[in-house]
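Residues in the sequence shown are numbered from 3 upward in steps of one, following the working numbering.
Cβ coordinates follow ideal geometry from the N, Cα and C atoms, glycine included.
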Amino acid sequence: MNEYEIINTFLVDIWGRINKIEERSLTTALGEDISVTEIHIIEKIGDDEPKRMSQVSRALGVTMATLTVACDKLEHKELVNRERDSKDKRVVNVSLTPRGRAVYECHKKFHERMVSAALADFTPEEIEILAQSLLKLQKFLLSEA
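Written out as structure tokens, the structure reads:
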């Protein structure tokens with residue numbers, strides 16, 4: 003395999019693997035069924051809450067209708083709360099419940115363990131090269147979104 007094929011195979015494979023491992027890790031740690039989509043919604047909310055539903059939908063690149071259906075499920079699982087804004091009743095704010103906060107923290111720790119393990123055998127120079135390369139990849143992916 004040449005470098006192009008190695009990188010292509012890696013990119014296609016790694017995203018799916020990370021999502022499956024992430025979902026399994028959280029389900030095992032929390033003892034409940036949480037999808038990768040739900041995890042990422044919780045992550046966007048927990049980074050700076052409360053958040054407007056419109057902010058979360060933009061951050062995830064999904065429609066408000068899609069986010070509303072997902073938040074219905076998350077509310078049913080007692081992971082998020084939604085409330086109308088007191089100043090502008092058209093705005094709906096979403097925040098994490100204590101259970102949602104626990105999921106958020108568990109997810110955050112998963113990522114910390116994953117990155118630490120992935121970089122354990124790298125030199126500081128290799129980490130810098132990888133970080134710069136991933137920023138370039140991210141720029142491309144964002145331009146295609």
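By the Cβ test, the stretch 17–27 is not in contact with the stretch 65–83, since fewer than three Cβ pairs between them sit closer than 8 Å.
Boundaries of the alpha helix (DSSP H) around valine 71: 66–78. Between tyrosine 106 and glycine 63, the gap from beta carbon to beta carbon reaches 8 Å or more. The shortest C-alpha to C-alpha distance from asparagine 83 to any of Val96, Lys89, Arg92 is the one to Val96.
Shown here, asparagine 21 sits in a helix according to DSSP, grouped into three states. Linking asparagine 21 to alanine 122 through their CA atoms gives a straight-line distance of about 21 Å.
Around the Cβ of serine 88, a 10 Å sphere holds fewer than 16 other Cβ atoms; the residue is exposed. Taking every protein chain shown into account, the CB of leucine 76 has 16 or more other CB atoms within 10 angstroms, so this residue is buried. Note that the C-beta distance between leucine 132 and glycine 102 is not below 8 Å.
Rounded to the nearest whole angstrom, the CA to CA distance from asparagine 4 to arginine 92 is 54 Å. According to the DSSP assignment, glutamate 85 belongs to the beta strand (DSSP E) that extends over 82–86.
Exposure of serine 145 is indicated by the presence of fewer than 16 other C-beta atoms within 10 angstroms of its C-beta.
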